[in-house]
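For the sequence shown, the positions run -19 to -1, 1 to 345 when mature numbering (1 follows the signal peptide of the UniProt record, and there is no 0) is used.
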Amino acid sequence: MRKLYLLAGSLITLHTACAQTSTHMDFEKYTPTSTLVVPEHKLTHARYPFIDVHNHQSNMSPSTLRDLVKDMDKLNMAVMVNLSGDNGKSLQNKLDNIRSTSPKRFIVFANISFGGIGEPGWTEKAVKQLEEDVKYGANGLKIFKNLGLSVKDNTGKRVTVDDPRLDAIWEKCGELKIPVLIHTADPKPFWDPEDEHNERWLEIASHPGRKRGDDDPAPWEVLIEEQHRMFKKHPKTTFIAAHFGWYANNLGKLGQLLDEMPNVVVEFGAVIAELGRQPRMARQFFGKYQDRILFGKDSWVPEEYTTYFRVLETEDEYFPYHKKYHAFWAMYGMGLPDSILKKVYYKNALRIIPNIDRSAFPVD
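Here it is as structure tokens:
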């Protein structure tokens, strides 16, 4: 009898000589039960009420909001920040529904419509729309990854993240004292060769549209450098770098960047798997930069929050992540002290994002 386990590739083949049969199993389905016996703390809600600064809700009808609040209560989520606020009438409709249904539970960020950039008066119109949106109740600005990747001006040229035609927008955010949460590029491995050495191979294989290259539309390093130049050019504006700025796998470098740019903070939406595989390094980072880290999740899948709580709060060992195509490795808890948990869960967001109702949070 012979068994061959090929874990680095997409297939695992089991050969049984006597039966002359074979079974093919793809890597996503291969989920062996660990024989490790260690303490487990499967958390279904956060220790403290928390603010999720990275969420996306396209439908904010009254009935949807009521359902969201029920799920939020189960998680101990006091406030959800919806980054998909849009602008103009669409944003106003969302805010009207919130005010009539759950005014203390949701914060909305506005978005920029980049169509027509380069046309006469475009920048002035964008700034005016932002002012109107903030006046109506938006409390921040969210910039999606299309800026840098796919946004083109009226001549068909790629608009860089640090395009000077956008400077007035970032300056206005500083003037209005609202933060800019910005997502630039994607994980670096999406630009790397799609081979057996790529940690994100399974994600690229299962989601082919995520593969990038140096000409699609530019090298990863170029996109990230554009973002950093923009951060440095506007020191009076607070920027929230989404997904730990894609440096959750290199916390030493991220710390260096935070030291260079005091107007930048980070949130860890969709990168908790990077933190959970380096608990000692991550705990040190959270200790040093405890005033500059916000809680973010990104996709709204309530049952996935348990991984975040467990990595942040417990000292559990070797537990699974919730999406194998994101991380095929195990997680470990950082066991953060309460003083840091409170900052990550709510204190930092209360300081950075205006007009969050404080009544749901401990007074300390």
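Ideal placement from N, C-alpha and C gives every residue a C-beta, glycine not left out. Every value quoted in this text rests on a predicted model; they were computed, and no experiment measured them.
- Among the bridge pairs identified by DSSP, GLU248 is matched with LEU275.
- The Cβ atoms of VAL292 and ILE253 lie closer than 7 Å to each other.
- ARG139 sits in a strand when the DSSP states are folded into three classes.
- MET61 is positioned such that its CB atom lies closer than 7 Å to that of PHE87.
- For the pair GLU255 and ILE221, the CB atoms are not nearer than the 7 Å cut-off.
- Annotation for TYR270: GLY236 and LEU239 place their beta carbon closer than 7 Å to its own, counting only its chain and skipping 5 residues before and after.
- Distance from the CA of VAL245 to the CA of VAL140, rounded to the nearest whole angstrom, comes to 22 Å.
- The DSSP-derived three-state label of LYS305 is coil.
- By a beta-carbon distance limit of 8 Å, LYS278 does not contact HIS26. Their separation comes to about 14 Å.
- Taking the Cβ atoms as the reference, THR165 lies roughly 24 Å from LYS106, outside the contact range of under 8 Å.
- When secondary structure is reduced to three states using DSSP, GLY69 falls in the helix class.
- Around the beta carbon of GLY102, fewer than 16 other beta carbons sit within 10 angstroms, so the residue counts as exposed.
- Note that the C-beta distance between ALA263 and PRO30 is not below 7 Å.
- The three-state secondary structure of PHE220, taken from DSSP, is strand.
- With 16 or more other Cβ atoms inside 10 Å of its own Cβ, ARG181 counts as buried.
- Under the DSSP definition of a beta bridge, ASP167 lacks any partner.
- In terms of CA proximity to THR82, VAL50 leads the group THR104, VAL50 and PHE309.
- If you draw a straight line from the Cα of ILE274 to the Cα of ASP54, it is about 23 Å long.
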